[in-house]
Every structure is written in structure tokens, then in C-alpha cells.
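*Asks:*
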Amino acid sequence: MDKFITNDSRTVDQLDIIQQLHEKCMESVVEYIFSLLDISCLRTAETVCKLWYSIVKKRKLWKKLYQNHNFRSSTLNLLLDRRTCEGFNTAEDEFLHKRLLNAYEKVQQNWVIGTHVKKSVNVGHCSRFVMDSKRVITMDSTLCVTMWNRWTLEEERLPLESEDGISELTHLQLAEDLVFCSYRDGTIVAWDIMEKAVSFRFKDENISGCDLKIHTAHGLLVSFVTVTGSVRGCDQTRFSVRSVQKPFSIVAEELTKRIPCARVKDVTSDNNYFVVFLFCSNNYVVSAEDVKIQLRSIDTFEILREICGIMPSDHVFKYFDGWLVAGIRTIRIWDIEKSNCQHVIPHSNSSTEEYETLVVDVQLDGERLIIRDNSGTFKVWLFCCNKEVNFSNRIGRLSNNSLSISSEPIARRCEKFKFDELQIITVERVQDDIRGPFDLLVMRNFF
Numbered sequence: 013m014d015k016f017i018t019n020d021s022r023t024v025d026q027l028d029i030i031q032q033l034h035e036k037c038m039e040s041v042v043e044y045i046f047s048l049l050d051i052s053c054l055r056t057a058e059t060v061c062k063l064w065y066s067i068v069k070k071r072k073l074w075k076k077l078y079q080n081h082n083f084r085s086s087t088l089n090l091l092l093d094r095r096t097c098e099g100f101n102t103a104e105d106e107f108l109h110k111r112l113l114n115a116y117e118k119v120q121q122n123w124v125i126g127t128h129v130k131k132s133v134n135v136g137h138c139s140r141f142v143m144d145s146k147r148v149i150t151m152d153s154t155l156c157v158t159m160w161n162r163w164t165l166e167e168e169r170l171p172l173e174s175e176d177g178i179s180e181l182t183h184l185q186l187a188e189d190l191v192f193c194s195y196r197d198g199t200i201v202a203w204d205i206m207e208k209a210v211s212f213r214f215k216d217e218n219i220s221g222c223d224l225k226i227h228t229a230h231g232l233l234v235s236f237v238t239v240t241g242s243v244r245g246c247d248q249t250r251f252s253v254r255s256v257q258k259p260f261s262i263v264a265e266e267l268t269k270r271i272p273c274a275r276v277k278d279v280t281s282d283n284n285y286f287v288v289f290l291f292c293s294n295n296y297v298v299s300a301e302d303v304k305i306q307l308r309s310i311d312t313f314e315i316l317r318e319i320c321g322i323m324p325s326d327h328v329f330k331y332f333d334g335w336l337v338a339g340i341r342t343i344r345i346w347d348i349e350k351s352n353c354q355h356v357i358p359h360s361n362s363s364t365e366e367y368e369t370l371v372v373d374v375q376l377d378g379e380r381l382i383i384r385d386n387s388g389t390f391k392v393w394l395f396c397c398n399k400e401v402n403f404s405n406r407i408g409r410l411s412n413n414s415l416s417i418s419s420e421p422i423a424r425r426c427e428k429f430k431f432d433e434l435q436i437i438t439v440e441r442v443q444d445d446i447r448g449p450f451d452l453l454v455m456r457n458f459f
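If you're matching positions, the sequence shown starts at 13 in my numbering and goes up one per residue.
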């Protein structure tokens with residue numbers, strides 16, 4: 013470092029406490045001081061002098077900072093999975109943690125300003141898709157299942173079929189390294205992605221139909237189907253509960269019950285409950301009293317609590333970790349535990365508190381709430397799922413304080429979009445005069 017005289021007659025070297033500690037072989041103290049810096053400050057510290065650079069570039073320092081950030085956010089794990097899927101040798105990368113932290117900071121910046129890169133791939137006629145940190149699984153025209161690498165878009169057709177070989181697919185779920193598929197004839201198949209083999213397949217003729225749904229979590233596999241009633245509005249839902257034990261063997265049916273005068277719209281789960289959304293069998297009734305939300309035990313699937321009066325049956329909705337977001341024009345955020353509305357979006361900066369366009373879908377996680385309307389616009393809001401509610405609109409479109417990402421206009425009953433910290437993924441219909449209509453799987457990458 014060049015020496016020059018400061019106004020207190022001491023050289024820069026004399027003022028550099030880091031150099032003084034280094035000369036006294038107090039490396040542990042030096043590393044502790046640098047460990048208190050955030051990513052951008054640590055990156056700046058590298059440029060001060062050769063000594064600081066030699067200290068900051070140490071893997072141990074970046075690894076500690078990585079562990080601190082990874083404890084608070086899942087983004088770093090996603091970035092690591094991405095590098096692995098793209099074929100990088102992460103085990104021997106000396107600067108891995110530094111690369112991931114720099115990427116993490118870039119991702120946060122891109123979400124704030126809406127910068128993203130769009131990629132797409134033709135997926136035929138996609139009726140449903142699911143995703144995790146490494147892949148997207150698509151269901152093509154209820155006939156076949158394809159797995160896509162999220163980052164390279166390499167595809168693999170999964171050899172799945174019903175027991176009779178011709179029945180149509182009705183539902184799809186991705187749980188860890190298993191793909192669960194249900195078929196109209198009551199067949200349920202689990203495909204092990206790592207072993208590239210069927211883990212189990214069974215057929216339940218009591219739970220069969222075109223609206224057969226499945227959900228697996230907490231060691232249980234639950235299947236639902238609507239049983240048509242002889243009188244209008246008297247349809248019932250029949251469900252079965254089975255245990256799934258590792259290494260993923262199915263246990264015989266443990267429970268079969270019926271839910272009268274109701275159809276299952278959706279089933280999800282968190283660490284505390286299975287959450288079942290039941291709509292009245294009468295399609296012409298849309299009052300809030302005709303939607304029931306059942307909170308069920310993660311051990312036995314027995315009802316613990318039933319909630320009514322929150323939303324009509326024509327609302328779009330999403331549940332995540334105790335929060336329910338629902339609406340069409342006015343979007344409300346409910347605390348399910350308290351059964352009360354915590355927030356209304358848009359905020360009351362207008363007399364109507366409504367969107368000018370219809371909301372097609374809503375999705376949320378622990379950090380963001382994304383609302384998509386039928387103009388194709390995504391509006392992103394910062395969301396903190398802590399029960400001490402911290403809901404902010406500081407990520408956003410400049411005109412109304414919500415980040416706006418545009419796409420093509422869409423129909424209201426389209427396939428839901430999905431997102432995590434790195435991507436927003438949608439299925440979008442394309443009209444082609446030669447090939448006819450087909451679907452694109454569109455990835456909006458924020459890194």
C-alpha cells in the first residue's frame with residue numbers, strides 16, 4: 013500500500029488496524045472482523061490493497077457468510093442446485109461460495125427492478141405441470157408425462173401408464189424424488205426419478221373418475237374423487253388415505269370416507285395441517301358460505317377445524333403456511349388460524365379498492381406474493397409470512413407501487429403459473445396457422 017501523510021501525521025499503514033493485526037499474527041481476529049461485513053462490503057474490501065484481497069479471497073470467510081445467508085433464505089440452495097444441473101463441478105470449485113453469494117445479490121436486485129431473461133420450449137398440449145428446484149414435470153394432453161431440466165431444458169419422457177395402459181391422467185404431484193400420477197381408472201403410480209423405475213403402482217376402483225386428485229405429504233397418500241348424486245347439488249366426495257413408507261412402499265388402504273354435498277377443489281399441506289378446499293356441489297351457487305376449508309391432522313387426516321365464510325367458490329386462491337390469498341378484483345389476505353382478513357390489495361389508495369382487470373391466479377411463498385390478471389400482467393409484492401405480519405408494497409410498478417411484468421392476455425381458467433426465488437414459470441397457448449395451437453413452457457429467469 014502506498015504511504016502518504018494524513019492530517020494527523022500518521023501513515024495509512026499506521027491507521028490500518030487490519031495490517032497491524034496481521035503483523036501480530038492475529039488472523040482469527042482479522043477474519044472475525046471481515047465476517048461482520050455483508051456481500052457488497054466484502055467485495056469492496058477486496059479492492060483496498062493486496063493484503064485485504066489476500067484475506068478476503070479465503071474460502072473460509074465466504075463459506076461462513078454463505079452459511080449465515082443460507083440460514084435465512086432458500087435462494088442459495090436453489091442457486092447451488094442450478095449450478096449442479098448445468099454440469100458445474102461444485103465440489104472442487106474454490107470460489108463456489110463467493111460465486112453463489114454474488115449471484116444471490118444479483119437475484120435480489122433483478123426482482124426489485126423486474127429484470128429477467130425469458131426462455132421457452134414447446135410442450136405440446138400441457139394440462140398440468142409441477143416443479144421443484146431442479147426440474148419441471150409436464151402432463152401432455154392427459155396421456156404422457158415429461159420431465160424437463162429447469163436450466164438446460166433437456167427433456168426426458170417418463171414411461172408411466174395406468175394399469176390398463178389406456179386410461180387418461182387426471183393429476184400430478186412431485187414429492188422429493190418421486191413423481192405421483194393418478195389415472196381415470198383409479199390407478200396411482202409413483203415413479204422414482206433417481207432409480208428411473210416405478211416405485212409402486214396400484215388400482216383403487218372405489219376411487220376412480222375424471223376428477224381424481226391426489227396429495228402426498230407427512231407419510232400419507234390421500235386420493236379424492238367426486239361421486240355424482242341423483243339429485244342436483246347432492247354430489248359427494250369420496251377419499252382414501254394410505255400410508256407411504258420409505259423406501260417408498262405403499263401400505264394397504266387405511267381409511268375411506270365420504271364428504272357429503274361437496275367437491276374437492278384443491279388439497280395442499282404445510283408443517284401443521286392438510287388443508288382441503290371444498291366447494292358446494294351446486295355450480296350456480298357462489299356465496300362465501302358454500303366454500304369450506306378443512307384443516308386436517310398430518311398424522312391421521314382427521315378434521316381438526318372447519319372454516320366457512322371466507323371466499324365465494326368463483327374466487328382464485330392460494331394457501332401457504334397459514335396464509336390464504338383469495339379474490340377476483342379485490343384480493344384479500346387471510347390469517348387462517350385467526351380466520352380474519354389481514355390485508356386488502358390494492359391498498360385503499362382508490363375508492364373502489366379493485367383491479368381494473370380480473371385476477372386469473374395468485375401465488376405466494378415466504379417472500380413474495382404474485383398476482384396475475386387477464387391482461388397477462390404479473391404484479392409482484394414483497395411478502396413476509398411471519399405471523400407478526402410485515403406486508404409491504406416496496407417492490408413494485410412505479411405507478412402503483414407493484415412490480416409489473418407483462419405477457420400475453422390469457423383466459424381466466426388457464427393453467428396456474430408457479431414461481432420460486434429464481435423463476436416465474438407459465439404455460440402459454442400459441443396459435444399457429446400450420447401446426448395448430450400448442451403450449452409453450454415459459455421460464456422468466458431472474459438470474
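Cβ atoms here follow ideal geometry from the backbone N, Cα and C, with glycine treated the same way.
Taking the C-alpha atoms as reference points, what is the distance between Y44 and H355?
*Replies:* Residue 44 sits at position 32 when you count from the first residue of the sequence shown. Residue 355 sits at position 343 when you count from the first residue of the sequence shown. So the two alpha carbons sit approximately 42 Å from each other.
*Asks:* Terminal residues of the continuous alpha helix (DSSP H) containing S66?
*Replies:* Taking the first residue of the sequence shown as 1, we reach residue 66 at position 54. Counting along the chain, the alpha helix (DSSP H) containing S66 begins and ends at K62 to V68.
*Asks:* If you check the beta carbons only, do N114 and F458 fall under 7 Å apart?
*Replies:* In the sequence shown, residue 114 corresponds to position 102, counting from 1. In the sequence shown, residue 458 corresponds to position 446, counting from 1. Cβ distance not < 7 Å, so N114 and F458 don't count as in contact.
*Asks:* Output needed for E400: all residues of its chain with C-beta closer than 7 Å, excluding positions within five of it in sequence on either side, in chain order.
*Replies:* The residue you call residue 400 lines up with position 388 of the sequence shown. Caution is warranted here: a pLDDT of 42 is assigned to E400, below 50, making its placement in the model unreliable, and no coordinate value can be reported.
*Asks:* Check this for me: beta carbons of R275 and D311, under 7 Å apart or not?
*Replies:* Here residue 275 refers to the residue found at position 263 when the sequence shown is read from its first residue. Here residue 311 refers to the residue found at position 299 when the sequence shown is read from its first residue. Contact flag unset, no.
*Asks:* Measuring alpha carbon to alpha carbon, tell me which residue in S179, Q185, D223 and K208 is nearest T249.
*Replies:* Along the sequence shown, one-based indexing puts residue 249 at 237. Checking every option, the nearest Cα to that of T249 belongs to D223.
*Asks:* I446: buried (16+ other C-beta within 10 angstroms of its C-beta) or exposed?
*Replies:* Counted from its first residue, the sequence shown places residue 446 at position 434. Answer is exposed; the Cβ neighbour count stays below 16.
*Asks:* Quick one: what's got a C-beta closer than 8 Å to K75's C-beta in the same chain, skipping five residues either side?
*Replies:* The residue given as residue 75 occupies position 63 in the sequence shown. If we look at K75 and ignore the five residues flanking it on each side, its Cβ neighbours are H109.
*Asks:* For S52, count neighbouring Cβ atoms within 10 angstroms of its own Cβ and tell me buried if that reaches 16, exposed if not.
*Replies:* As a working mapping, residue 52 is identified with position 40 in the sequence shown. Answer is exposed; the Cβ neighbour count stays below 16.
*Asks:* Exposed or buried, what is S179 when buried is set at 16 or more other beta-carbons lying within 10 Å of its beta-carbon?
*Replies:* One-based indexing of the sequence shown puts residue 179 at position 167. S179 comes out buried.
*Asks:* Hey, D204 and L190 are a contact pair by Cβ (cut 8 Å); roughly how many whole angstroms apart?
*Replies:* Working through the sequence shown from its first residue, we reach residue 204 at position 192. Working through the sequence shown from its first residue, we reach residue 190 at position 178. Correct: roughly 6 Å between the Cβ atoms.
*Asks:* Please determine if the segment 284 to 291 and the segment 303 to 310 are in contact, where contact requires at least 3 C-beta pairs separated by less than 8 Å.
*Replies:* Yes, they touch.
*Asks:* Kindly identify the DSSP beta-bridge partner or partners of K215.
*Replies:* Against the sequence shown, residue 215 aligns to sequence position 203. DSSP, once it has assigned bridges, lists T199 as partnering K215.
*Asks:* Out of S325, W163 and Q32, which has the shortest C-alpha to C-alpha gap to R147?
*Replies:* Here residue 147 corresponds to residue number 135 of the sequence shown, with the count starting at 1. Measuring from the Cα of R147, the nearest candidate turns out to be W163.
*Asks:* Taking DSSP as the reference, what is the three-state secondary structure of F458?
*Replies:* Position 446 of the sequence shown holds residue 458. Note: F458 maps to coil in three-state DSSP.
*Asks:* Does the distance from the C-beta atom of D373 to that of V303 stay below 7 Å?
*Replies:* Position 361 of the sequence shown, counting from 1, holds the residue named residue 373. Position 291 of the sequence shown, counting from 1, holds the residue named residue 303. Taking 7 Å as the Cβ cut-off, D373 and V303 do not qualify as a contacting pair.
*Asks:* What residue range does the beta strand (DSSP E) around T96 cover?
*Replies:* Position 84 of the sequence shown holds residue 96. Per DSSP, T96 belongs to no beta strand (DSSP E); it is in the alpha helix (DSSP H), T87 to C97.
*Asks:* In angstroms, rounded to a whole number, what distance separates the CA positions of V234 and S252?
*Replies:* Translated into the one-based positions of the sequence shown, residue 234 becomes position 222. Translated into the one-based positions of the sequence shown, residue 252 becomes position 240. Approximately 6 Å between the Cα atoms of the pair.
*Asks:* Buried or exposed for E39, going by 16 or more other Cβ atoms inside 10 Å?
*Replies:* The count along the sequence shown starts at 1 and reaches residue 39 at position 27. The residue in question, E39, is exposed, as its Cβ has fewer than 16 Cβ neighbours within 10 Å.
*Asks:* Provide the residue(s) that pair with A274 in DSSP beta bridges, ordered along the chain.
*Replies:* Within the sequence shown, the letter at position 262 stands for residue 274. Per DSSP, C292.
*Asks:* Quick check: the Cα distance between L73 and L49, rounded to an integer number of angstroms?
*Replies:* Position 61 of the sequence shown, counted from the first residue, corresponds to residue 73. Position 37 of the sequence shown, counted from the first residue, corresponds to residue 49. About 10 Å.
*Asks:* Which two residues bound the contiguous alpha helix (DSSP H) that contains A115?
*Replies:* Working through the sequence shown from its first residue, we reach residue 115 at position 103. L108 to I125 is the span of the alpha helix (DSSP H), which, as asked, contains A115.
*Asks:* When the distance is taken between beta carbons, is S145 closer than 7 Å to D93?
*Replies:* As a working note, residue 93 is residue 81 in the sequence shown. As a working note, residue 145 is residue 133 in the sequence shown. The answer is yes: Cβ separation under 7 Å.
*Asks:* For a test of the three-state rule: what should DSSP assign to F251, helix, strand or coil?
*Replies:* The residue labelled residue 251 in the question sits at position 239 within the sequence shown. It is a strand residue.
*Asks:* Could you check which residue in E349, T240 and N101 has the C-alpha nearest to that of L316?
*Replies:* What you label residue 316 is simply residue 304 of the sequence shown in a count that begins at 1. Ranking E349, T240 and N101 by Cα distance to L316 puts E349 first.
*Asks:* Rounded to a whole number of angstroms, what is the C-alpha to C-alpha distance between V279 and H227?
*Replies:* On the sequence shown, position 267 is the one that residue 279 refers to. On the sequence shown, position 215 is the one that residue 227 refers to. V279 and H227: Cα-Cα distance of roughly 7 Å.
*Asks:* With the cut-off set at 7 Å, would you say S153 and H128 are in Cβ contact?
*Replies:* Walking along the sequence shown from the start, residue 153 turns up at place 141. Walking along the sequence shown from the start, residue 128 turns up at place 116. Taking 7 Å as the Cβ cut-off, S153 and H128 do not qualify as a contacting pair.
*Asks:* Using the C-alpha atoms, what's the distance from L336 back to G126?
*Replies:* For the purposes of this step, residue 126 is taken as the residue at position 114 of the sequence shown. For the purposes of this step, residue 336 is taken as the residue at position 324 of the sequence shown. Roughly 25 Å between the two C-alpha positions.
*Asks:* Can you tell me whether R341 is helix, strand or coil according to DSSP?
*Replies:* As a first step, residue 341 must be located in the sequence shown, where it is residue number 329. Coil at R341, not helix or strand.
*Asks:* In whole angstroms, what separates the C-alpha of V124 from that of K330?
*Replies:* As a first step, residue 124 is located in the sequence shown; it is residue number 112 there, counting from the start. As a first step, residue 330 is located in the sequence shown; it is residue number 318 there, counting from the start. Each residue's alpha carbon lies about 23 Å from the other.
*Asks:* Which residues in the same chain as R213 place their Cβ atom closer than 8 Å to its Cβ, once the five residues preceding and following it in sequence are excluded?
*Replies:* Sequence index remark: in the sequence shown, residue 213 carries index 201 (1-based). Around R213: E175, T199, I200, V201 and A202.
*Asks:* Rounded to the nearest angstrom, what separates R384 and F431 at their Cα positions?
*Replies:* In the sequence shown, counting from the first residue as 1, residue 384 sits at position 372. In the sequence shown, counting from the first residue as 1, residue 431 sits at position 419. One C-alpha to the other measures close to 12 Å.
*Asks:* Just tell me which of R456, L290, E440 and V239 has its CA closest to the CA of C320.
*Replies:* The count along the sequence shown starts at 1 and reaches residue 320 at position 308. Ranking the options by Cα distance to C320, first place goes to L290.
*Asks:* Quick one: measure Cβ to Cβ for R140 and L184, integer angstroms, because I've assumed they're closer than 8 Å.
*Replies:* Taking the first residue of the sequence shown as 1, we reach residue 140 at position 128. Taking the first residue of the sequence shown as 1, we reach residue 184 at position 172. At roughly 5 Å, the Cβ-Cβ gap stays under 8 Å, so R140 and L184 are in contact.
*Asks:* Only counting the same chain, and skipping five residues up and downstream in sequence, which positions put a Cβ closer than 7 Å to that of R71?
*Replies:* Along the sequence shown, read from residue 1 onward, the residue named residue 71 stands at position 59. If we look at R71 and ignore the five residues flanking it on each side, its Cβ neighbours are E106 and H109.
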